[in-house]
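One structure below.
Number of protein chains: 2
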Amino acid sequence: MSITIRDVAEAAGVSVATVSRVANGSTNAYPVRPQTRARVLEAIATLGYRPNDNARGLLLKRSGLIGIVVPDISNPYYPEVSRGIEDVAHANGYKLMFCSTDRLPERASAYIEALLLKRVDGLVIVGGGDEIQLSAATVATYDTKVVFIGRPSASFSTVRIDNVGAARDATEHLLALGHRRVGFISAGTSSNTVIERRRGYLEALKARGLEIDEDLIVDGDFTEAVGYAAARQLLLLENPPTAIFAANDRMALGAMAAVADLGLSVPNDVALVGFDDVPMSGYLRPALTTVSLAAQELGERAMEILLKDIEGRPGRRRVRVATKLVVRDSCGASAQSPAGRALKAPAA
Amino acid sequence: MSITIRDVAEAAGVSVATVSRVANGSTNAYPVRPQTRARVLEAIATLGYRPNDNARGLLLKRSGLIGIVVPDISNPYYPEVSRGIEDVAHANGYKLMFCSTDRLPERASAYIEALLLKRVDGLVIVGGGDEIQLSAATVATYDTKVVFIGRPSASFSTVRIDNVGAARDATEHLLALGHRRVGFISAGTSSNTVIERRRGYLEALKARGLEIDEDLIVDGDFTEAVGYAAARQLLLLENPPTAIFAANDRMALGAMAAVADLGLSVPNDVALVGFDDVPMSGYLRPALTTVSLAAQELGERAMEILLKDIEGRPGRRRVRVATKLVVRDSCGASAQSPAGRALKAPAA
DNA sequence: ACCGTTTCGGAAACGGATTACAGAAAAGGT
DNA sequence: ACCTTTTCTGTAATCCGTTTCCGAAACGGT
């Protein structure tokens, strides 16, 4: 059916060994004469030969594949991370196998298993959701390099941001602007990420000696729709918050819509801060104040770790990528410093 | 190093054939005694045996992989398409190899080549960009099933939407609201998709006997940043448009920001219509009027075609997925029909 | 106890590419 | 011309699962 190396060998009148040597950069130890090489290359071209990666992988014990598992492809944050991984992977001759679990445990484990069967050379697990349960013992059987992005681990390499600190800073920013009732739109307890962001929020309140009002903490699920509902719930309280901190930008967008639909305005009636700094956030009006976390860089760092591991310099590495509060208009701070509006000009 | 089927056989005191029969659903013709089966299963579990997919693929000539190539993972439209593909693929035991070309020709061809080397069982090429040049003769050498989403082809199966018709309807909608100067934010000539949308725009104007003002057509590139710049350029014309039709939602968002920054308002000063209906669009305020194109369904249809092809019922299939103009607030029509505001309640 | 079925398990071939080893051809030296 | 060295090419083993073909064991019947 498909063209094998033997077909090429026959067409060129040489042995399979010679074809192989031509196809890959011929080993210096076994050079191929230019005219022979030319004959082989011609045969490859005319037959349209494509070496079978299964056969290569079987023998070489490497697939040239990196597996990447993300919780939810429709959240723009993950594509950004993926792009970082992809850029570094591609530059080093690796290809990506990309899987989105949609936060479904069965799908998550099915995908991880499939990636292992494919003998990926490395595995990047993105996000801290509990749809993925990985004991160190389990991962130890994987026979591939593993790195986590945004998930704490005592045994494996991780690339993370300081969610607690960033959320604390974001909340403190609102408090510094004079807000005393700050709502928080959370997202369950299934994701480490959100748990940490919530902790940062609480720490900021405590640092100011404010007491925690549980009514001000509402559960979301990372989507606009639920952000909308959560904000609505907050704003319809007897004693509504004057500021809302949403655990991600998508929920912040939903919240912004809810504020508008209640006839209120951001930031005058309600200040709003998000988290992630996805591309759209700077183009909302009012532009969204949010925590920028260099998603692409997270991916790049993770892939670099993987490369080192693959090249035989293993070790548990832990990288922290810096975050930055991007102050735009939605928090109301720009009235004092118009420069905070990052996107007056289209240059992002 | 890693556990092979022979290790398992030895541990269980049986032959490799028996292990294989247990691991897969034992062929009816060669049953395995329950106690033997149990011994084997136990050995598999304790050793943590994972059959090598390279070896299987080599022998069985199938990889269980579907390759998918998208132009730009950061545009939310493509993740939606992917999810459609993924759902159907996953339900049928196929896994996805996902690649984003970032519209770079070298990367596109490198990825397609890599997917072919991996012997994917099927290939979905998404988008109509010219970074991918595929002659029928080239694809014919691929030795895998191929389906295009959003790219016309005389020789291969396609899943498409009626871009021309949808753009015509969207433009006509603006014209029906009384607009006579309607700007169009395009996106180069490299993508079929945008060429068709532009044609639809022009057809709508012609149908009304309006003459084309080239100044009203500005080039974008699918991103918010360039949408912003393009809208700004349009609105600063001596004779600016009263309505703008953007070739996708991301550019529409940029345009919305530009309108606001010029001290104008949507829809009162400028009516705005987008294309794609990405998740955020319903949560912008004003909510974005846009063309909804069932991205997920596109993916599902494509994958279904692939499955049929793989199962031995080949043939060139052409599927059209319906689009729908979702009238929200940004076009100014909702003043007449408040029901047009699709997202008063969070239920999307 | 013997024979004929049925049920199970094993040996071996196969898939396609890589590479160590050996052997052939060409080049170099006298 | 002949021998040594260098340069090239071919043979065959190997990677790991699957499956076909056979032989062995177990069972039932008489």
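Going line by line, the protein sequences match chains A and B. Just so you know, we're using our numbering here: the first sequence kicks off at 1 and counts up by one. Just so you know, we're using our numbering here: the second sequence kicks off at 1001 and counts up by one. Backbone N, C-alpha and C fix where the C-beta goes; we use that ideal spot for every residue, glycine too. In this text, all values refer to a predicted model and were calculated from it rather than measured experimentally.
Mind pulling the chain A residues with CB within less than 7 Å of residue i?
i: residue 1053 of chain B; result: 117, 118, 119
i: residue 1079 of chain B; result: 73, 74, 79
i: residue 1114 of chain B; result: 95
i: residue 1048 of chain B; result: 141
Using alpha carbons as the reference points, say which of the options lies closest to residue i.
i: residue 1311 of chain B; options: B:1144, B:1247, B:1022, B:1251; result: B:1144
i: residue 1200 of chain B; options: B:1324, B:1164, B:1182; result: B:1164
i: residue 222 of chain A; options: A:83, A:72, A:52, A:68; result: A:72
i: residue 208 of chain A; options: A:39, A:169, A:220; result: A:169
i: residue 150 of chain A; options: A:328, A:186, A:322, A:326; result: A:322
i: residue 1008 of chain B; options: B:1040, B:1160, B:1024, B:1002; result: B:1040
i: residue 1220 of chain B; options: B:1316, B:1191, B:1130; result: B:1191
i: residue 158 of chain A; options: A:90, A:60, A:315, A:240; result: A:315
i: residue 333 of chain A; options: A:154, A:195, A:177; result: A:177
i: residue 1062 of chain B; options: A:64, A:63, A:19, A:52; result: A:52
i: residue 1133 of chain B; options: B:1153, B:1094, B:1217; result: B:1153
i: residue 129 of chain A; options: A:183, A:329, A:155, A:69; result: A:69
i: residue 244 of chain A; options: A:167, A:319, A:292, A:101; result: A:167
i: residue 1004 of chain B; options: B:1043, B:1292, B:1066; result: B:1043
i: residue 274 of chain A; options: A:292, A:241, A:261, A:260; result: A:292
Would you give the residue range spanned by the alpha helix (DSSP H) that residue i belongs to?
i: residue 299 of chain A; result: 295-310
i: residue 1056 of chain B; result: 1053-1060
i: residue 1324 of chain B; result: Premise fails: residue 1324 of chain B lies in the beta strand (DSSP E), 1324-1326, not in any alpha helix (DSSP H).
i: residue 132 of chain A; result: Where residue 132 of chain A is concerned, there is no enclosing alpha helix (DSSP H), given that its DSSP letter is neither H nor E.
i: residue 1168 of chain B; result: 1163-1176
i: residue 1183 of chain B; result: Segment 1182-1185 is the beta strand (DSSP E) holding residue 1183 of chain B; no alpha helix (DSSP H) there.
i: residue 1320 of chain B; result: Taken as a continuous stretch (DSSP letters only), residue 1320 of chain B belongs to no alpha helix (DSSP H), being part of the beta strand (DSSP E) at 1318-1321.
i: residue 1206 of chain B; result: 1192-1207
So, does the CB of residue i fall closer than 8 Å to a CB anywhere in chain B?
i: residue 257 of chain A; result: yes
i: residue 74 of chain A; result: yes
i: residue 260 of chain A; result: yes
i: residue 141 of chain A; result: yes
i: residue 241 of chain A; result: no
i: residue 288 of chain A; result: no
i: residue 173 of chain A; result: no
i: residue 107 of chain A; result: yes
i: residue 224 of chain A; result: yes
i: residue 201 of chain A; result: no
Say whether chain A places a C-beta atom closer than 8 Å to the C-beta of residue i.
i: residue 1099 of chain B; result: yes
i: residue 1235 of chain B; result: no
i: residue 1129 of chain B; result: no
i: residue 1002 of chain B; result: yes
i: residue 1179 of chain B; result: no
i: residue 1033 of chain B; result: no
i: residue 1057 of chain B; result: yes
i: residue 1089 of chain B; result: no
i: residue 1086 of chain B; result: yes
i: residue 1339 of chain B; result: The predicted model places residue 1339 of chain B with a pLDDT of 37, which falls under 50 and marks its position as unreliable, so this point remains unresolved.
Give the interface partners of residue i over in chain B, defined as CB-CB distance under 7 Å, in chain order.
i: residue 82 of chain A; result: 1073
i: residue 253 of chain A; result: 1280, 1283
Could you tell me which chain A residues have their CB closer than 8 Å to the CB of residue i, listed as they occur along the chain?
i: residue 1221 of chain B; result: The contacting residues do not exist; residue 1221 of chain B stays about 12 Å from chain A at best.
i: residue 1030 of chain B; result: Correct list: empty, because the minimum Cβ distance to chain A is about 24 Å.
List the endpoints of the continuous beta strand (DSSP E) containing residue i.
i: residue 1141 of chain B; result: No beta strand (DSSP E) holds residue 1141 of chain B; DSSP gives it neither H nor E.
i: residue 276 of chain A; result: 271-276
i: residue 67 of chain A; result: 65-70
i: residue 124 of chain A; result: 122-126
i: residue 1073 of chain B; result: Taken as a continuous stretch (DSSP letters only), residue 1073 of chain B belongs to no beta strand (DSSP E), as it is neither H nor E.
i: residue 291 of chain A; result: 289-292
Checklist entry - Counting pairs of beta carbons, one from the segment 289-299 of chain A and one from the segment 1247-1267 of chain B, are three or more of them closer than 8 Å? => result no
Checklist entry - With contact counted as at least three CB pairs below 8 Å, one residue from each stretch, are the segment 221-237 of chain A and the segment 247-267 of chain A in contact? => result Segments in contact, yes.
Next on the checklist: Count Cβ pairs between the segment 1110-1129 of chain B and the segment 1139-1156 of chain B that sit closer than 8 Å; are there 3 or more?
Outcome noted: Short answer: they touch.
Checklist entry - Using 8 Å as the Cβ pair cut-off and three pairs as the minimum, do the segment 17-35 of chain A and the segment 75-82 of chain A touch? => result no
Checklist entry - Between the segment 1082-1090 of chain B and the segment 1047-1057 of chain B, do three or more beta carbon pairs fall short of 8 Å? => result no
Next on the checklist: Under 8 Å: do the segment 100-108 of chain A and the segment 1105-1115 of chain B share three or more Cβ pairs, one atom per stretch?
Outcome noted: no
Checklist entry - Are there three or more Cβ pairs, one per stretch, closer than 8 Å when the segment 1011-1019 of chain B is compared with the segment 13-26 of chain A? => result no
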